[in-house]
Structure formats: structure tokens, C-alpha cells
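Heads up: the structure comes next, in C-alpha cells.
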Amino acid sequence: MCVCVCVCVRPFCDCVWDRREGMDACGTSLVLILLFWLGAGSRAADIYWTYSGQMGQPQWSEFFPDCGGSGQSPINVDSAQTKFEPRLPAIRPLGYSQHSNEPFTLSNNGHTVVMPLPSWMGIGGLPWQFSAVQLHLHWGNGASVATGSEHTINGRSTAAELHIVHYNSELYENISMAMTQRDGLAVLGVLMEVGEETNQAYANIINYLSRIRHAGDKVTIPAFDIQTLLPKDLRSYYRYNGSLTTPPCYQSVLWTVFQETVKLSLPQLVKLETLLYSTEEGSSDPLVLQDNYRATQPLNQRVVLASFKHTGVKVYNAGEIAAIVMGSLCGCVGLAVIIRFIIKTIRSKDMEKALKQDMALKTATESSKSAEPTQSEP
Ligand SMILES: *[C@@H]1O[C@H](CO)[C@@H](O)[C@H](O)[C@H]1NC(C)=O
Ligand SMILES: *[C@@H]1O[C@H](CO)[C@@H](O)[C@H](O)[C@H]1NC(C)=O
Numbered sequence: 001m002c003v004c005v006c007v008c009v010r011p012f013c014d015c016v017w018d019r020r021e022g023m024d025a026c027g028t029s030l031v032l033i034l035l036f037w038l039g040a041g042s043r044a045a046d047i048y049w050t051y052s053g054q055m056g057q058p059q060w061s062e063f064f065p066d067c068g069g070s071g072q073s074p075i076n077v078d079s080a081q082t083k084f085e086p087r088l089p090a091i092r093p094l095g096y097s098q099h100s101n102e103p104f105t106l107s108n109n110g111h112t113v114v115m116p117l118p119s120w121m122g123i124g125g126l127p128w129q130f131s132a133v134q135l136h137l138h139w140g141n142g143a144s145v146a147t148g149s150e151h152t153i154n155g156r157s158t159a160a161e162l163h164i165v166h167y168n169s170e171l172y173e174n175i176s177m178a179m180t181q182r183d184g185l186a187v188l189g190v191l192m193e194v195g196e197e198t199n200q201a202y203a204n205i206i207n208y209l210s211r212i213r214h215a216g217d218k219v220t221i222p223a224f225d226i227q228t229l230l231p232k233d234l235r236s237y238y239r240y241n242g243s244l245t246t247p248p249c250y251q252s253v254l255w256t257v258f259q260e261t262v263k264l265s266l267p268q269l270v271k272l273e274t275l276l277y278s279t280e281e282g283s284s285d286p287l288v289l290q291d292n293y294r295a296t297q298p299l300n301q302r303v304v305l306a307s308f309k310h311t312g313v314k315v316y317n318a319g320e321i322a323a324i325v326m327g328s329l330c331g332c333v334g335l336a337v338i339i340r341f342i343i344k345t346i347r348s349k350d351m352e353k354a355l356k357q358d359m360a361l362k363t364a365t366e367s368s369k370s371a372e373p374t375q376s377e378p
């Protein structure tokens, strides 16, 4: 219990640790801490969480029950399993390009870089009117360009992913009201890859990251055309019902993941993946803000719609190729074993037959031999 009192100061980590070690008192202490938090008037969203470690992804659902739900995000989109829906219209950004002279504010919240958007920006082409709330990014660790995105397509990750969050302003008064409702939010997801050229649109954000290196830092930046962050093709996308990809993981998001990716230069990606810290300035234990993407979640019974028809052959990834090769090998070996068994069975049957015939012949000869002398006896 003493340990758990300390836990109240250092949120949860120690307690989770102790519970793993099998200390029973922690169950009670967690309840006490939760009560303490509620008493202090804090929202559940204020509970400390991380992508890995003691408060990492597997632990999220202990404190945020929705994270353990059956309709979570992100997902892997298996393009062969998607359902073509020709009635899905193109996404129409509303007011994305009409930035006023009001600057934007970029901040490091310890989990990502986030930029609030004016509510007069929105999107059309969805079942309701949705107003913009904010945009943020997810990325990898600077060592590989192959990981960083949250959604994967046919098992393949990309280097990073942009999310533009909107709330249903037709049905709800504000984001707080909307975010817990089934039809409350709509997020646009843009997969980002490494290309040859500097992306001028993303430079509007990336060039200012050095000014918000620590958690809690903020900087005002010149307003720019948000639509330039989107891919050119706004007709081709995947659509499914999912969740927020961070705690509290509310299952309130109508997802749109564009088929077309956008490209960043490698130096831009490296800046994104190495400049920021998830810790505050002066922290004794500074932590680089990396790998802030959630693992893909089970699709369960959900259907992923595609606004476009798939063309071209399916591209297999390394895992699938390995599976196919192993499968074929196993198949061949299995077949060989079966054939060998059949041949062996036939052979042993033949041998048995031959042996039987042989025996029969022998018996016959022997009996005729033994009979002969009697016959020849006068
Ligand atoms: C959202 O709207 C509700 C209902 O009108 C209100 O009580 C709440 O304070 C609002 N929240 C924010 C953050 O504006
Ligand atoms: C999402 O859920 C709503 C409400 O249950 C349903 O009407 C809609 O068809 C679903 N959309 C997709 C893309 O599955």
C-alpha cells in the first residue's frame, strides 16, 4: 500500500509494475487513484499513457476500456477484402484553402505535433456536415522509412500518416459532445512516403518543429492552404467505422483513408522523426518523440468500403511470399509422403500376395511331393 501511495504522485507506472509482480494491494489503489482523479475534476484523457513501456499500448484498455473494443483503429486494409461502393462521392474540402490572416498554432503535446483548425473549415461528401477541429501526425523512428503510418494497406506501412479530425456539426454542438458518439467524428487519413523532392506544403509545418522541441511548447506559424496537404486524387479512398487511435479510443470515427499517398523528402522525414521530445524542457530523462503510431487492430465483423475499383495484380509482401513458399514446400513434402505411403502399401500388398502365392505353391508342391511316394508305391 505504501508503494501505491507513491503511485499517486508518479501516475500509475509503479503500480502497474507492482501488479505484474503480483502485489494484490494495487487493485484497490487503482480505484483510489481513479477516484482521486475524478475528485480533482480531471477527465480520463489526462491519464498518462505512452506508445511503449509500462503504460504502453497493451495496457491502454485497463484505463480506457474503449481501447479494448471490437471496432478499433487503425486497421490493415486488405484491398482484396474491400467492398467497391460506386456511390461514395469524392471528398470535398470546404474552406481548406481560404485561410485568413489569422496565424495557425503548432504545438507539441508530448504525443504528437498538433495544429488546431478553424471550425469554418470542413468537409463535404460525407453523410453529415463535418467541421474541422485539428490535424496531427504519426511517424516512425528515423531508422527506417518503412514504418510510421498507423493504417497499413495489404500489410504494408508507410513512413508517416496525417490525420485531419472533424466533428459532426450537424448533430452535435462541439467536439466534446461529438467525440463519444457513434457518428460524432470524421477523420481524413493521408499516408506519407519518402520521395525525391521537398514537399512545400508540409514544409509549412516541418520547418517550425525546431521551435516546439519539448512537450508543452507552442509556436504561431503563418496560415497556409490546408488542402495542399491532401493528395490530388480525392475520389479514391477506403471508408470504414473505427475509433480514435489514441486513448480514450472512442469508437466514434468515420474513417477516410486516401488511396494516393503524399511524398516528403528524406530530410523532411528525418526532421519529423528526430526533432521532437515527448518530455518537457529540462526533464532529467529526456525522451525523443518517436514511433507514435498504434498497432493495427482486428477488423472483426467490419466491412471496409472502397470508393474505387481495384486495378492491377495483387502485390504480395515478404510475409505472404514466405507463407506461399512454405505452403508450397509443405504441400510438396506432404504429397511426396502420401505417394510414398501409397507405393509402399501397394508394394507390401503385392509382396504379401506374392508371398501367399509362393506359400500356396510351396504347399502344393510339398503336398504333391509327399503324395508322390504314396502314389508311386505299388
Ligand atoms: C460543449 O457543449 C456542451 C453542451 O452545450 C457544453 O455543456 C460544454 O461546455 C461544451 N464544451 C466545450 C468544450 O465547449
Ligand atoms: C458505419 O456505421 C453506421 C451506423 O451503424 C452504418 O450506417 C454505416 O453503414 C457504417 N459505415 C460503414 C462504412 O461501414
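Heads up, the sequence shown is in the UniProt record's numbering, so the first residue is 1 and it goes up one at a time. Every residue gets a Cβ at the ideal spot worked out from N, C-alpha and C, and that includes glycine. Treat the numbers as computed from the prediction; the structure is a model and nothing was measured.
### Message
With three or more C-beta pairs closer than 8 Å as the rule, is the segment 229-241 touching the segment 258-272?
### Response
yes
### Message
Taking contact to mean 3 or more Cβ pairs, one atom from each stretch, closer than 8 Å, check whether the segment 287-298 and the segment 137-148 are in contact.
### Response
yes
### Query
At which residues does the alpha helix (DSSP H) containing S131 begin and terminate?
Where S131 is concerned, there is no enclosing alpha helix (DSSP H), although the beta strand (DSSP E) it sits in stretches over 130-139.
### Query
What are the uninterrupted segments assigned as alpha helix (DSSP H) that are 4 or more residues long and contained completely in the segment 240-314, given in chain order?
266-274
### Task
Check G41 in the structure and name its three-state DSSP category.
In this predicted model, G41 has a pLDDT of only 37, less than 50, meaning its place in the structure is not dependable; the value taken from the coordinates is given anyway. Note: G41 maps to coil in three-state DSSP.
### Query
DSSP three-state call for R182: helix, strand or coil?
coil
### Query
Between the C-alpha atoms of H163 and H136, what's the straight-line distance to the nearest angstrom?
6 Å
### residue 381 versus R302: straight-line alpha-carbon distance, rounded
The structure shown does not extend to residue 381, since the chain spans only 1 to 378, so no value can be given for it.
### Message
Below 8 Å on the Cβ atoms is my contact criterion, and I expect K263 with T105 to pass it. Report the Cβ-Cβ distance as a whole number of Å.
### Response
In fact, because the Cβ distance is near 26 Å, the residues do not count as touching under 8 Å.
### Task
Kindly list the residues whose CB is nearer than 7 Å to the CB of I206, restricted to its own chain and excluding five residues on each side of it in sequence; keep chain order.
Q268, K271, L272
### Message
Can you look up S328 in the DSSP assignment and give me helix, strand or coil?
### Response
helix
### Query
Alpha carbon to alpha carbon, how far is G95 from G122?
7 Å
### Message
Let's see if you can read the secondary structure: which residues bound the alpha helix (DSSP H) around A160?
### Response
It is not in any alpha helix (DSSP H) - A160 instead sits in the beta strand (DSSP E) that spans 160-168.
### Query
Span of the beta strand (DSSP E) holding F104?
104-108
### Query
Hey, quick one: how far does the beta strand (DSSP E) through P93 stretch, first residue to last?
92-94
### Query
V77 and Y238: beta carbons closer than 9 Å?
yes
### Query
Among P89, W60, F64, which one has its Cα closest to the Cα of F308?
P89
### Query
Leaving out five residues before and five after V304 in sequence, what residues of the same chain have Cβ atoms less than 6 Å from its Cβ?
V77, T82, Y238, Y240
### Query
Using DSSP with H/G/I as helix, E/B as strand and the rest coil, what is F64?
coil
### Message
On a Cα-Cα basis, can you pick out the residue from S236, P118, N168, T274 that is closest to E85?
### Response
S236
### Message
Considering Cα atoms alone, identify which of Q72, N101, P247 is closest to residue 396.
### Response
The requested residue 396 does not occur in the structure, where the chain is confined to residues 1 to 378.
### Message
Going residue by residue through the segment 178-238, where are the continuous beta strand (DSSP E) segments of at least 3 residues, counting only ones entirely within it?
### Response
185-195, 218-221
### Task
Within its chain, find whatever has a CB closer than 8 Å to the CB of S265; leave out the 5 residues flanking it on each side and keep chain order.
V194, G195, E196, E197, T198, N199
### Task
Give me whichever residues DSSP pairs with V114 in a beta bridge.
S107, H136
#### Entry: Contact set for W120: own chain, Cβ-Cβ below 7 Å, skip 5 residues either direction
G95
### Task
Sort G216, Y51, M115, N168 by Cα distance to E150 and report the nearest one.
Y51
### Task
Verify the contact flag: Y167, CB atom, against every heavy atom of ligand 2, threshold strictly below 8 Å.
no
### Query
For ligand 1, which residues have a Cβ under 6 Å from at least one heavy atom, in chain order?
E173, N174, S176, M177
### Message
Between which two residues does the beta strand (DSSP E) holding I123 run?
### Response
122-124
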